[in-house]
Each structure stands twice: as structure tokens, then as C-alpha cells.
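Asker: Dumping the structure here so I can ask a few things about it.
Residue numbers (the numbering used here), protein chains in the order written: chain A, 9 to 120; chain B, 83 to 196.
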């Protein structure tokens with residue numbers, strides 16, 4: 009079982025709709041959760057982080073964390089073509105705070 | 083000013099050669115990393131240094147040797163290159179501590195081994 013799992017996609021969403029990206033993790037000791045966006049040929053950039061159960065909103069982005077279900081998600085409202093990218097979920101563990109484990113990413117495509 | 087810079091951006095070389103990638107960050111961060119991203123976009127941690135001290139050394143062949151001369155620099159030397167080493171290598175930095183997962187990445191160095 010991979011430590012951090014994501015559906016590779018591609019996930020195709022019409023412009024203006026809500027894109028929902030999901031991530032599960034295997035280690036219950038996971039402490040912090042991150043979403044990175046990576047455009048083709050570019051480096052990953054951090055867009056959201058969440059540490060506590062519940063929702064965290066930042067503009068059009070909402071991160072949701074459910075530690076009991078070991079599940080973290082990213083919602084993108086009013087999807088734009090510029091949101092088309094690969095979204096990487098990442099987690100850190102309390103036992104090894106410097107070790108950031110990434111999922112393999114979900115490719116999101118926003119169709120006009 | 084680029085926050086995390088890597089050189090070179092592209093390397094094309096033959097099997098068996100040795101190559102180095104350099105990384106520098108001007109963010110004042112304490113922790114630096116090397117990640118390898120394969121053709122399927124999977125980002126795998128290789129090494130991490132905190133204030134010049136090696137703190138993470140994943141299961142990476144001995145042919146890969148990182149060096150951190152100071153906390154702003156982290157280099158990666160690869161001996162006897164193999165076809166499977168072809169990938170994009172990303173350097174990253176973070177403040178460390180509670181901000182560990184907030185990584186700032188360099189632009190990547192695309193290594194092609196022929």
C-alpha cells in the first residue's frame with residue numbers, strides 16, 4: 009500500500025464547476041497535510057496546507073481533512089482553465105517532521 | 083531574485099559518466115532537500131539536510147552523494163550514471179520545524195542518461 013494515494017486522473021471538469029480532488033494516507037501518525045500544484049514542465053508550488061480536522065478555505069480553494077478516515081481533499085470552486093495542472097497531495101509525520109511524502113498526483117483538466 | 087536556484091537545468095550524458103547538480107537558496111531556510119521526479123510524476127524524497135547536517139537518507143544507491151557546504155547550498159553528485167537515473171531532480175528548502183511541509187522548489191534539473 010502506498011503511503012499517500014491519489015487517483016491519477018485525468019479529471020475533466022467544465023469551466024465554472026467545482027473540481028474535487030481526493031487523497032488518502034496510510035499512516036495514522038500523519039500530522040500535516042499539503043496540496044501542491046504543478047504545471048507541466050514546472051516545479052510544484054504550495055497552494056494549501058491543513059493541520060486540523062475540518063475545512064480550511066483560501067479564496068476559491070478549500071482543503072478538507074478527516075483524520076479518522078485518513079482522507080484529505082481539495083475543492084476548487086469556479087474552476088478556470090488556468091487551474092489545469094497536476095495536484096500533488098503531501099503529508100508529514102510527527103515521528104519524522106522533515107520527511108514530506110508525496111502522492112503521485114491527480115491531473116486536472118478544465119474544459120472551456 | 084530566484085529563491086531556490088538549481089544548475090544546470092538540463093543534463094544529457096552517457097551511461098557510466100559522473101555528474102553534479104548544484105542548488106542554492108536565498109530564503110534563509112534551515113532545511114534543504116533533494117527530490118527525484120520520474121516520468122510518472124511521482125516525487126520521491128532522496129535526502130534532507132538541516133543546517134548542513136544530513137537528517138534524511140532514503141534508500142538511494144551509494145552512487146548518489148549529497149553535500150551541504152553551508153545551510154544555503156546543497157549539491158548532488160551522481161557517479162556511474164545508469165539509464166534509470168533519468169528523471170527531473172528538484173531541490174527544495176523549508177523553514178523546518180512546524181513549517182516543514184511548506185517547501186519551496188527550484189526549477190528542477192532534467193537528467194537524461196543515454
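Ideal Cβ placement from N, Cα and C applies to all residues, glycine included.
Throw me the rounded Cβ distance for the residue 112 of chain A and residue 48 of chain A pair, which I believe falls under 8 Å.
Answerer: At roughly 15 Å, the Cβ-Cβ gap does not stay under 8 Å, so residue 112 of chain A and residue 48 of chain A are not in contact.
Asker: Can you name, in chain order, every residue of its own chain whose Cβ lies under 6 Å from the Cβ of residue 93 of chain B, other than the five neighbours on each side?
Answerer: Closer than 6 Å at Cβ, skipping near neighbours: 101 and 193.
Asker: Give me the Cα-Cα distance between residue 51 of chain A and residue 155 of chain B, rounded to the nearest whole angstrom.
Answerer: So the two alpha carbons sit approximately 19 Å from each other.
Asker: Counting along the chain, where does the beta strand (DSSP E) carrying residue 152 of chain B start and finish?
Answerer: Where residue 152 of chain B is concerned, the enclosing beta strand (DSSP E) stretches over 146-152.
Asker: Buried or exposed, going by whether 16 or more other CB atoms sit within 10 Å of the CB of residue 150 of chain B?
Answerer: Buried.
Asker: Using the three-state DSSP reduction, which class does residue 91 of chain A fall into: helix, strand or coil?
Answerer: Here residue 91 of chain A sits in helix by DSSP.
Asker: Residue 186 of chain B and residue 172 of chain B: beta carbons closer than 8 Å?
Answerer: For residue 186 of chain B and residue 172 of chain B, no; Cβs fall outside 8 Å.
Asker: Could you name each continuous alpha helix (DSSP H) segment of 4 residues or more that falls completely within the region 38-93 of chain A, going from the start of the chain to the end?
Answerer: As far as the region 38-93 of chain A is concerned, it has no whole alpha helix (DSSP H) run of at least 4 residues.
Asker: Run through DSSP, which three-state label would residue 165 of chain B get?
Answerer: Helix.
Asker: In chain B, which residues lie with their C-beta within 7 Å of the C-beta of residue 113 of chain A?
Answerer: Neighbours of residue 113 of chain A on chain B, chain order: 123.
Asker: With DSSP as the reference, label residue 101 of chain B as helix, strand or coil.
Answerer: Residue 101 of chain B falls in the strand class under three-state DSSP.
Asker: Please check the pair residue 85 of chain A and residue 68 of chain A, which I expect to be a contact at CB under 8 Å, by giving their CB distance rounded to whole angstroms.
Answerer: 5 Å between Cβ atoms; contact.
Asker: Applying the criterion that 16 or more other CB atoms from any shown protein chain within 10 Å of the CB defines a buried residue, is residue 144 of chain B buried or exposed?
Answerer: Answer is exposed; the Cβ neighbour count stays below 16.
Asker: Determine the closest residue to residue 76 of chain A out of A:60, A:120 and A:87, with distance taken between C-alpha atoms.
Answerer: Minimum Cα distance to residue 76 of chain A is reached at A:60.
Asker: Among A:119, A:23 and A:31, whose alpha-carbon lies nearest the alpha-carbon of residue 78 of chain A?
Answerer: The shortest C-alpha separation from residue 78 of chain A is found at A:31.
Asker: Given this structure, state the Cα-to-Cα distance separating residue 99 of chain B from residue 44 of chain A, to the nearest angstrom.
Answerer: Cα to Cα, residue 99 of chain B sits roughly 34 Å from residue 44 of chain A.
Asker: Would you grab the beta carbon distance between residue 58 of chain A and residue 41 of chain A for me? Rounded to a whole angstrom, and I think it's under 8 Å.
Answerer: Confirmed, about 5 Å.
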